[in-house]
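Asker: Here it is, the structure in full.
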Amino acid sequence: MVESMDAASIIGYFKGKSILITGSTGFLGKILVEKILRVQPDVHKIYLVVRGIDAKQRVQQEVIDTELFGLLREKHGSKGFQQLMEEKVVALAGDIIYENLGLETPVLEALAKEIDVIVNIAATTNFYERYDVSLDVNVMGVKHLCQLAKQCSKLKMLMHVSTAFVSGFREGLILEKPIKPGESLKEGTYLDIDAELRLAKEVKKELTMSSGDDEAERKATERDSEERKAMKELGLRRARHFGWSNTYVFTKAMGEMALELHRGADMAVVIMRPSIITSVMSDPVPGWMQGTRTIDTFIIGYAKQTLSSFLADLGMVMDVIPGDMVVNAVLAAAVAHSEEKDAGGGAAVYQVTSSLRNPVTYGVLYRSGCRYFIDHPRVRDDGQVIPNRHMRFFTTIPRFRLYMTLTFKLPLEILHLVNILLCGLFSKLYNDYSRKYKLVMHLVDVYGPFAFFKGCFDDTNLERLRSTMVMQSPEDDMFNFDPKTIDWDDYFYRIHIPGVLKYLCK
7 MVESMDAASI IGYFKGKSIL ITGSTGFLGK ILVEKILRVQ PDVHKIYLVV RGIDAKQRVQ
67 QEVIDTELFG LLREKHGSKG FQQLMEEKVV ALAGDIIYEN LGLETPVLEA LAKEIDVIVN
127 IAATTNFYER YDVSLDVNVM GVKHLCQLAK QCSKLKMLMH VSTAFVSGFR EGLILEKPIK
187 PGESLKEGTY LDIDAELRLA KEVKKELTMS SGDDEAERKA TERDSEERKA MKELGLRRAR
247 HFGWSNTYVF TKAMGEMALE LHRGADMAVV IMRPSIITSV MSDPVPGWMQ GTRTIDTFII
307 GYAKQTLSSF LADLGMVMDV IPGDMVVNAV LAAAVAHSEE KDAGGGAAVY QVTSSLRNPV
367 TYGVLYRSGC RYFIDHPRVR DDGQVIPNRH MRFFTTIPRF RLYMTLTFKL PLEILHLVNI
427 LLCGLFSKLY NDYSRKYKLV MHLVDVYGPF AFFKGCFDDT NLERLRSTMV MQSPEDDMFN
487 FDPKTIDWDD YFYRIHIPGV LKYLCK
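Take a look at the structure:
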């Protein structure tokens with residue numbers, strides 16, 4: 007790792023470099039692409055691997071045309087901005103689930119001669135995703151990128167963005183250490199990636215064979231729905247068999263194992279593990295965000311007054327980190343470890359988190375939200391102010407289940423009996439409420455553990471990286487990734503909550 011860095015050295019590093027980025031249409035990917043182009047317009051090329059035939063159109067609509075690129079557009083002017091995008095950004099129609107990313111041989115050969123840095127952000131983040139889909143993207147995608155990286159003669163760095171929650175729901179201090187192939191969170195089990203791939207393939211084949219070939223269109227739709235549900239349940243079952251809570255964190259852990267198994271021995275490899283990523287704090291657009299996080303469900307529900315209760319202990323720490331800080335850490339780590347040879351210690355691991363250096367509780371978010379909605383009251387169409395209601399918080403999952411049983415399940419059972427007595431008069435109403443009840447209980451099962459996570463993420467490696475950052479001018483602050491500089495109450499009140507209302511609630 008380099009001894010010292012400042013903004014100028016990070017900016018200078020990317021001059022003339024060719025960078026391949028996966029996951030650029032996602033939240034973090036967009037922030038990364040914009041930041042590189044804004045601070046270093048003399049980057050050689052940024053290659054964006056995007057699914058779909060018309061990759062260029064997707065990149066234009068889903069990346070370049072977004073509000074996030076407003077500052078860059080203002081800096082270069084409309085014409086200059088579009089020229090910069092055309093010169094520097096190259097959309098590649100491909101997919102990491104395929105070997106060679108599904109790219110044509112001539113394209114692949116040209117890339118292999120040019121690429122300096124690979125940043126893998128692509129992932130399926132659905133906690134309850136189909137097992138086969140999660141394995142394809144979060145595990146096989148990593149393997150395919152490693153294979154591509156080995157072909158790149160100029161490659162200086164392979165950066166893989168994972169998640170801090172690959173640790174599972176351990177308590178105490180969680181260290182920044184690589185996950186070894188075969189490592190499991192449940193004693194007595196050994197996690198074999200190839201065996202899991204075979205299992206998913208076999209189960210899918212059995213589901214397809216058992217459905218028959220001569221069914222009508224309606225039955226084919228039902229078959230697809232049943233297969234999807236079965237594959238989702240398989241993922242959740244396998245995750246919990248090995249000690250993880252959901253398919254997402256389980257397959258991301260396997261992705262880190264795949265990286266260790268398939269990376270080049272002399273390749274500079276860095277794993278970034280952010281915790282829950284929240285809206286942009288500083289630049290280019292404070293509050294900008296995409297996709298609803300767990301904590302944002304609470305803000306949206308409170309804003310719309312559709313959520314009267316929430317599963318959380320207000321005294322517990324929630325580990326969150328702004329998206330721009332994650333990207334700043336990615337850029338700094340890429341420079342620090344560029345062309346670094348592996349001395350046998352495995353990939354460098356950085357946990358981009360806040361729970362150790364500057365912890366914040368759910369209570370801070372709730373109080374900031376209450377204050378925000380008092381100062382910025384919502385108004386109905388008729389001009390009447392919508393009153394703020396205090397929410398009820400459940401500090402354990404059993405308490406929440408009891409509340410749901412007494413408040414919703416029992417009335418549902420009564421409705422069910424009345425519906426039978428009245429020959430199905432209330433069937434539609436009963437089915438609708440029953441479906442909603444089951445959905446809530448399923449969400450509690452899948453997301454509940456996050457509300458009561460008692461671990462604390464160590465960030466010693468990241469602190470060491472921060473210590474190499476020399477702060478000699480105000481410009482050096484543009485790569486800040488120190489959570490100690492965040493005033494959480496101010497961030498939630500002034501930036502994040504308004505961002506949720508603007509970009510998620512529209």
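Taking this note's numbering, the leading residue of the sequence shown gets 7, the next gets one more, and so forth. Cβ coordinates follow ideal geometry from the N, Cα and C atoms, glycine included.
(1) Can you name the residues that DSSP bridges to Met278?
(2) Who pairs with Thr28 in a beta bridge, going by DSSP?
(3) Look up Cys429 in the DSSP assignment and give the residues it is bridged to.
(4) Can you tell which of Glu469, Val276 and Val125 has the C-alpha that lies nearest to the C-alpha of Gly352?
(5) Taking 8 angstroms as the threshold (C-beta atoms), are Lys81 and Val49 in contact?
(6) By a C-beta neighbour count over all protein chains shown, 10 Å radius and 16 as the cutoff for buried, is Val391 buried or exposed?
(7) Taking the beta strand (DSSP E) that Phe463 belongs to, which residues open and close that run?
(8) Report all residues from its chain with a CB closer than 7 angstroms to the CB of Gly454; omit the five preceding and five following residues, and keep chain order.
(9) Leaving aside the five residues before and after Val148 along the sequence, list all residues of the same chain whose C-beta is less than 6 angstroms from its C-beta, in chain order.
(10) Helix, strand or coil: how does DSSP classify Phe20 here?
(11) Would you kindly report the start and end of the unbroken beta strand (DSSP E) that includes Gly297?
(12) Counting Cβ pairs, one atom from each stretch, are 3 or more of them under 8 angstroms apart for the stretch 313-329 and the stretch 366-376?
(13) Can you give me the C-alpha to C-alpha distance between Glu212 and Leu141, rounded to a whole angstrom?
(14) Ala318 by DSSP, collapsed to three states: which one?
(15) Under 8 angstroms, with one C-beta from each stretch per pair, do the stretch 481-492 and the stretch 382-397 reach the 3-pair mark?
(16) Could you spell out where the alpha helix (DSSP H) holding Pro187 opens and where it closes?
(17) Looking at C-beta atoms only, is the number of pairs between the stretch 197-207 and the stretch 240-251 that lie closer than 8 angstroms three or more?
(18) Measuring straight from C-alpha to C-alpha, what distance separates Gly270 and Gln157?
(19) Evaluate Cys152 with the Cβ neighbour count: other Cβ atoms within 10 Å of its Cβ, from every protein chain shown; 16 or more gives buried, anything less gives exposed.
(20) Would you mind stating whether Ala61 and Ala13 have Cβ atoms separated by less than 8 angstroms?
(21) Can you tell me whether Met91 is helix, strand or coil according to DSSP?
(22) Thinking C-alpha only, which one of Gly58, Ser24 and Thr28 is nearest Gln46?
(23) Name the one or two DSSP bridge partners that Pro328 has.
(24) Could you tell me if Asp325 is buried or exposed, where buried requires 16 or more neighbouring beta carbons within 10 angstroms of its beta carbon?
(25) For Leu38 versus Val355, is the C-beta spacing smaller than 8 angstroms?
(26) Looking only at C-alpha atoms, which of Thr413, Ser314 and Leu408 sits nearest to Met397?
(27) State buried or exposed for Tyr308, treating a residue as buried only when at least 16 other CB atoms are found within 10 Å of its CB.
(28) Hey, is the stretch 244-253 in contact with the stretch 157-170, meaning 3+ C-beta pairs nearer than 8 angstroms?
(29) Nearest CA to the CA of Thr359: which residue from Val123, Phe171 and Asp495?
(30) Please report the residue range of the beta strand (DSSP E) in which Arg407 lies.
(31) Check whether the Cβ atoms of Ile16 and Ile52 sit closer than 8 angstroms, and answer yes or no.
(32) In the structure shown, what three-state DSSP assignment does Val476 receive?
(33) Within 10 Å of its beta-carbon, does Lys235 have 16 or more other beta-carbons around it, so buried, or fewer, so exposed?
(34) With a 10 Å radius around its C-beta and 16 neighbouring C-beta atoms as the bar for buried, classify Lys442 as buried or exposed.
(35) Go through its chain and collect everything with a Cβ distance to Leu421's Cβ below 8 angstroms, but skip five positions before and after it.
(36) Starting from Gly178, follow the beta strand (DSSP E) in both directions and report where the run begins and ends.
Answerer: Answer, in terms of the structure:
(1) Stepping through the sequence shown from its first residue, residue 278 is reached at position 272. Its beta-bridge partners are Val167 and Tyr356.
(2) Here residue 28 refers to the residue found at position 22 when the sequence shown is read from its first residue. Its beta-bridge partners are Val55 and Asn126.
(3) Here residue 429 refers to the residue found at position 423 of the sequence shown. DSSP lists no partner for Cys429.
(4) Numbered from 1 along the sequence shown, position 346 holds the residue referred to as residue 352. Residue Val276 is the option with its Cα nearest to Gly352.
(5) Here residue 49 corresponds to residue number 43 of the sequence shown, with the count starting at 1. Here residue 81 corresponds to residue number 75 of the sequence shown, with the count starting at 1. Their beta carbons are not under 8 angstroms apart, which means Val49 does not touch Lys81 by this criterion.
(6) Within the sequence shown, residue 391 is the residue found at index 385, counting from 1. That one is exposed.
(7) Residue 463 sits at position 457 when you count from the first residue of the sequence shown. Counting along the chain, the beta strand (DSSP E) containing Phe463 begins and ends at Gly461 to Phe463.
(8) Residue mapping note: residue 454 aligns to position 448 of the sequence shown, counting from 1. The answer, listed in chain order, is Leu317 and Ile403.
(9) As a working mapping, residue 148 is identified with position 142 in the sequence shown. Cβ within range, chain order: Gly261, Ala264 and Leu265.
(10) On the sequence shown, position 14 is the one that residue 20 refers to. Phe20: coil per DSSP, three-state reduction.
(11) Along the sequence shown, one-based indexing puts residue 297 at 291. Run containing Gly297: none; DSSP gives neither H nor E here.
(12) yes
(13) Your numbering for residue 212 matches position 206 in the sequence shown. Your numbering for residue 141 matches position 135 in the sequence shown. Going from the Cα of Glu212 to the Cα of Leu141 covers about 18 angstroms.
(14) Start at 1 with the first residue of the sequence shown, and residue 318 comes out as number 312. Coil at Ala318, not helix or strand.
(15) no
(16) The residue given as residue 187 occupies position 181 in the sequence shown. Segment: none, Pro187 is in no alpha helix (DSSP H) and carries neither H nor E.
(17) yes
(18) On the sequence shown, residue 270 is found 264 positions in, with the first residue counted as 1. On the sequence shown, residue 157 is found 151 positions in, with the first residue counted as 1. Using only the alpha carbons, I get a separation of about 10 angstroms.
(19) Position 146 of the sequence shown, counting from 1, holds the residue named residue 152. Cys152 is buried by the Cβ-count criterion.
(20) Counting from one through the sequence shown, the residue named residue 61 turns up at place 55. Counting from one through the sequence shown, the residue named residue 13 turns up at place 7. No, these two residues do not count as a Cβ contact at 8 angstroms.
(21) Working through the sequence shown from its first residue, we reach residue 91 at position 85. Looking at Met91 - three-state DSSP - the assignment turns out to be helix.
(22) Taking the sequence shown and counting its residues from 1, the one referred to as residue 46 is at position 40. The shortest Cα separation from Gln46 among Gly58, Ser24 and Thr28 belongs to Ser24.
(23) What you label residue 328 is simply residue 322 of the sequence shown in a count that begins at 1. DSSP, once it has assigned bridges, lists Thr284 as partnering Pro328.
(24) Numbered from 1 along the sequence shown, position 319 holds the residue referred to as residue 325. Looking at its Cβ environment, which holds 16 or more other Cβ atoms inside 10 Å, Asp325 is buried.
(25) Looking up residue 38 in the sequence shown gives position 32. Looking up residue 355 in the sequence shown gives position 349. Contact: no.
(26) Numbered from its first residue, the sequence shown carries residue 397 at position 391. Taking only the C-alpha atoms, the option nearest Met397 is Ser314.
(27) Position 302 of the sequence shown, counted from the start, is the residue given in the question as residue 308. Tyr308 comes out buried.
(28) no
(29) Here residue 359 corresponds to residue number 353 of the sequence shown, with the count starting at 1. When each option's Cα is compared against that of Thr359, the closest is Phe171.
(30) Reading the sequence shown from its first residue, position 401 is the one you call residue 407. Premise fails: Arg407 lies in the alpha helix (DSSP H), Ile403 to Met410, not in any beta strand (DSSP E).
(31) Start at 1 with the first residue of the sequence shown, and residue 16 comes out as number 10. Start at 1 with the first residue of the sequence shown, and residue 52 comes out as number 46. Cβ distance not < 8 angstroms, so Ile16 and Ile52 don't count as in contact.
(32) Translated into the one-based positions of the sequence shown, residue 476 becomes position 470. Coil, per DSSP.
(33) Position 229 of the sequence shown, counted from the first residue, corresponds to residue 235. Under this definition Lys235 is an exposed residue.
(34) Position 436 of the sequence shown, counted from the first residue, corresponds to residue 442. Exposed: under 16 other Cβ atoms inside 10 Å.
(35) Taking the first residue of the sequence shown as position 1, residue 421 is located at position 415. So the qualifying residues of the chain are Phe432, Leu435, Tyr436 and Tyr439.
(36) As a position in the sequence shown, residue 178 is number 172, starting the count at 1. That run of the beta strand (DSSP E) goes Gly178 to Ile180.
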